[in-house]
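Undergrad:
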Amino acid sequence: MGDDIINFDLPIANQSIIKVIGVGGGGGNAVNYMHRMGIKDVDFVLCNTDAQALVNSPVEFKVQLGATLTEGRGAGNKPEIGRQAAIESLQQIVNLLQKNTKMVFITAGMGGGTGTGAAPIIAKAAKELGILTVAIVTIPFRTEGRKRMMQAIEGIRNISQHVDSLLVINNEKLLEVYGNLKLTEAFAKADDVLATAAKGIAEIITVHGYINVDFADVETVMYNSGVALMGSGRANGENRALEAVKQALESPLLNNNDISGARNILLNITYGQDEITMEEVGVIIDYVQHAAGDDADLIWGNGCDPSLGEDLKVTVIATGFGTNSIPELYVKERNIEVISLDSEQHVTKVELVNDTPEVDPTPIRQTSKPKKQPTIDPAQRVIEFDVNSDVFEVKTVQPTKTNEIELDIQPTTGKPAAPLAAQFSGTSNNKWANLDEIENIPAFKRRNMNIEPSEPPKSTTISKVTLTDDDIIINPENPYLYDNVD
621 MGDDIINFDL PIANQSIIKV IGVGGGGGNA VNYMHRMGIK DVDFVLCNTD
671 AQALVNSPVE FKVQLGATLT EGRGAGNKPE IGRQAAIESL QQIVNLLQKN
721 TKMVFITAGM GGGTGTGAAP IIAKAAKELG ILTVAIVTIP FRTEGRKRMM
771 QAIEGIRNIS QHVDSLLVIN NEKLLEVYGN LKLTEAFAKA DDVLATAAKG
821 IAEIITVHGY INVDFADVET VMYNSGVALM GSGRANGENR ALEAVKQALE
871 SPLLNNNDIS GARNILLNIT YGQDEITMEE VGVIIDYVQH AAGDDADLIW
921 GNGCDPSLGE DLKVTVIATG FGTNSIPELY VKERNIEVIS LDSEQHVTKV
971 ELVNDTPEVD PTPIRQTSKP KKQPTIDPAQ RVIEFDVNSD VFEVKTVQPT
1021 KTNEIELDIQ PTTGKPAAPL AAQFSGTSNN KWANLDEIEN IPAFKRRNMN
1071 IEPSEPPKST TISKVTLTDD DIIINPENPY LYDNVD
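Numbering (this note's numbering), first residue to last: 621 to 1106.
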């Protein structure tokens, strides 16, 4: 087995302070693309479990992960295998990073085995060495399958805990921007966008400008910053400044997010043969500051790259966001439960509660026949139901016997009272029998009372006006007949 292990020589002379490490198949393809593109003063490193992919790469620094574990055959789309492989070869990676490394980019395509499992282990090792660690990872295309997508999300969660800054590139966004691409074109475009991100950040440090932005500025912006957003734009012509900054803020690298709310902004402006004017600088800075907000701390610099010709290039890096700045990664899927009407419904059982009071079990002597106590009808039914369902189950409940109470009733010795009908009989039968007698005979005669008639008393003068049966005579003494009533 030892003969199958491929040993690679690791040159250590004149190493750069910036290293770009491609992990797995996707990260390796991106690093190969960057190597062909050329990024100034950057060392490229490949880390893979697939020995064949390492042999075919022109990159100078190579580390085979898990040579004993995988025997050079890859991780089989299993992140745990990639993780164990990285742990096996971790010392080789540490030895490589200890040689004058100040900043490391870790690129990986999330969703597979090696990149998803090994990239977090390598990032953790770099962070523990005090190296500024930036991860640039991609989310797979939707057509690559749900399992690969879920593994990618889990891998991003893991690597985010061990890096200073994390850039996430959504491959699906590339299709929205560039349209329906062919298979090779789609993956090549993903490599191009990933390479642009690494090149844009690295050359801010390595390419000197009149207003220079060095490693210390980049470290200030990206150290322990969490999720980072980056955009790059390039334009020429009369309104090249405005067009370039608009392209940068509408870049697919921004992953459907704007830069509002960022705490730190790193802005780099690069021109070619046509030097930028102060007015163009003001347009770009004002536009970015307005988009980020007045509270954002903006650091900017400029540089010259003759290969741009008449073009103007603007690179914007925004940091200081929370993890939720990538909402599509952390939105919990809704759990939809479909219940068939034909399936067995859950039924909540209803218990019959006996509220009959407890009775002393000591028997009582019974002298009279007690009344029959009501019992439960054997045919009585209890309907059991579930509040969450419209389907009811009818279940017959067995009758339960109630407790009987025996009463001791003592007989009485008194004379029984006459029935009520006998007491009131005859009271109204003869009520109207002697109606004629009552009407024609006075009551005192019917009661045999002797009343003698009396003579009326003789008339006496009581007042000046009297009433008699004699002829009417006007009293001459009436004062009202004269003028003087006195």
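Glycine included, each C-beta is placed from N, C-alpha and C at the ideal position.
Using a Cβ-Cβ cutoff of less than 6 Å, which residues in the same chain neighbour Thr1138 once the five nearest sequence positions on both sides are dropped?
TA: Absent from the structure is residue 1138, since the part of the chain shown begins at 621 and ends at 1106.
Undergrad: How is Ala810 classed by DSSP in three states: helix, strand or coil?
TA: helix
Undergrad: Scan the segment 756-832 and note each continuous alpha helix (DSSP H) run of 4 residues or more that stays entirely inside, going in chain order.
TA: Those alpha helix (DSSP H) runs which fall completely within the segment 756-832 and span 4+ residues are 766-780, 791-798, 803-826.
Undergrad: Rounded to a whole number of angstroms, what is the C-alpha to C-alpha distance between Glu823 and Glu895?
TA: Between Glu823 and Glu895, the C-alpha separation is close to 18 Å.
Undergrad: Buried or exposed, going by whether 16 or more other CB atoms sit within 10 Å of the CB of Glu858?
TA: exposed
Undergrad: Around the Cβ of Gln684, are there at least 16 other Cβ atoms within 10 angstroms (buried) or fewer (exposed)?
TA: buried
Undergrad: In terms of alpha-carbon separation, which member of Met1069, Gly737, Ala855 lies closest to Gly645?
TA: Gly737
Undergrad: Looking at Asp663: is its Cβ nearer than 9 Å to the Cβ of Glu680?
TA: Cβ atoms of Asp663 and Glu680: closer than 9 Å.
Undergrad: Could you name the residues of the same chain whose beta carbon sits closer than 6 Å to that of Thr826, not counting the 5 residues immediately before and after it, in chain order?
TA: Lys660, Asp661
Undergrad: Compute the distance between the beta-carbons of Met936 and Leu869, then report whether it is under 9 Å.
TA: Correcting the residue type first, residue 936 is Val in the shown sequence and not Met. By the CB criterion at 9 Å, Val936 and Leu869 fall inside the cutoff.
Undergrad: Specify, as a first and last residue, the run of the beta strand (DSSP E) that Lys682 falls within.
TA: 681-684
Undergrad: Roughly how many angstroms lie between the CA atoms of Ser852 and Thr890, to the nearest whole one?
TA: 11 Å
Undergrad: Relative to the alpha-carbon of Val838, which residue among Leu1055, Ile919, Gly923, Ala706 has its alpha-carbon at the smallest distance?
TA: Ile919
Undergrad: Quick check on Pro740: buried or exposed, where buried means 16 or more other Cβ atoms within 10 Å of its Cβ?
TA: buried
Undergrad: Taking the C-alpha atoms as reference points, what is the distance between Gln672 and Arg883?
TA: 44 Å
Undergrad: Tell me which residues share the same chain as Asp925 and place their Cβ nearer than 8 Å to its Cβ, disregarding the 5 neighbours each side in the sequence.
TA: Val827, Thr890, Tyr891, Gly892, Lys933
Undergrad: In this structure, how does DSSP classify Asp837 when only helix, strand and coil are distinguished?
TA: Helix.
Undergrad: Write down the C-beta distance between Leu666 and Gly694 rounded to the nearest angstrom, noting that I regard them as a contact closer than 8 Å.
TA: Cβ-Cβ separation between Leu666 and Gly694: approximately 14 Å, too far for a contact (criterion under 8 Å).
Undergrad: Could you name the residues of the same chain whose beta carbon sits closer than 8 Å to that of Lys952, not counting the 5 residues immediately before and after it, in chain order?
TA: Low local confidence applies: a pLDDT of 43 at Lys952 is under 50, so the model's placement there is unreliable, with the coordinate-based value given in what follows. Closer than 8 Å at the Cβ level, and outside the excluded window around Lys952, lies no residue.
Undergrad: Going by C-alpha distance, which of Gly902, Ala912, Asn888 is nearest Gly881?
TA: Comparing alpha carbon positions, the residue from Gly902, Ala912, Asn888 closest to Gly881 is Ala912.
Undergrad: Helix, strand or coil for Thr1109 per DSSP?
TA: The requested residue 1109 does not occur in the structure, where the chain is confined to residues 621 to 1106.
Undergrad: Between Gln771 and the ligand NAD, is there a pair consisting of the residue's CB and a ligand heavy atom that are separated by less than 8 Å?
TA: As presented, the structure is devoid of all ligands, the ligand NAD included, so that no description of it is given.
Undergrad: Jot down the residue ranges of each uninterrupted alpha helix (DSSP H) in the segment 656-737, minimum 4 residues, whole runs only, in chain order.
TA: Complete alpha helix (DSSP H) runs here, min 4: 671-675, 687-690, 699-708, 710-717.
Undergrad: Cα separation between Leu674 and Ala810?
TA: 20 Å
Undergrad: DSSP three-state label for Asn1060, please.
TA: Three-state DSSP puts Asn1060 in a helix.
Undergrad: In chain order, which continuous runs of the beta strand (DSSP E) of length 3 or greater are located wholly inside the segment 909-944?
TA: 917-924, 932-941
Undergrad: According to DSSP, simplified to helix, strand and coil, what is Met842?
TA: Met842 falls in the helix class under three-state DSSP.
Undergrad: May I have the straight-line CA-CA distance separating Asp878 from Ala836, to the nearest angstrom?
TA: 25 Å
Undergrad: Could you compute how far the alpha carbon of Glu792 sits from the alpha carbon of Val757?
TA: 13 Å
Undergrad: State yes or no: is the C-beta of Ala916 within less than 9 Å of the C-beta of Ile885?
TA: yes
Undergrad: Residues in its own chain within less than 7 Å of Val651 by CB, not counting five upstream and five downstream?
TA: Val640, Gly642, Phe664, Leu666, Val679, Thr727
Undergrad: Can you name the start and end residues of the beta strand (DSSP E) that Leu886 belongs to?
TA: In the DSSP annotation of this structure, the continuous segment of the beta strand (DSSP E) that includes Leu886 starts and ends at 884-891.
Undergrad: Can you tell me which of Phe761, Thr840, Arg860, Gly735 puts its alpha carbon nearest to the alpha carbon of Leu928?
TA: Arg860
Undergrad: Check for me: the beta strand (DSSP E) holding Ile641 runs from which residue to which?
TA: Ile641 -> beta strand (DSSP E) spans 638-643.
Undergrad: Please work out which residues of its chain come closer than 6 Å, Cβ to Cβ, to Leu862, disregarding the five sequence neighbours upstream and downstream, and give them in chain order.
TA: Val903
Undergrad: Give the straight-line distance between the Cα atoms of Ser1009 and Ala772, rounded to the nearest whole angstrom.
TA: Any reading at Ser1009 must be qualified, since the residue scores a pLDDT of 48, below 50, and its modelled position is unreliable; no value is offered.
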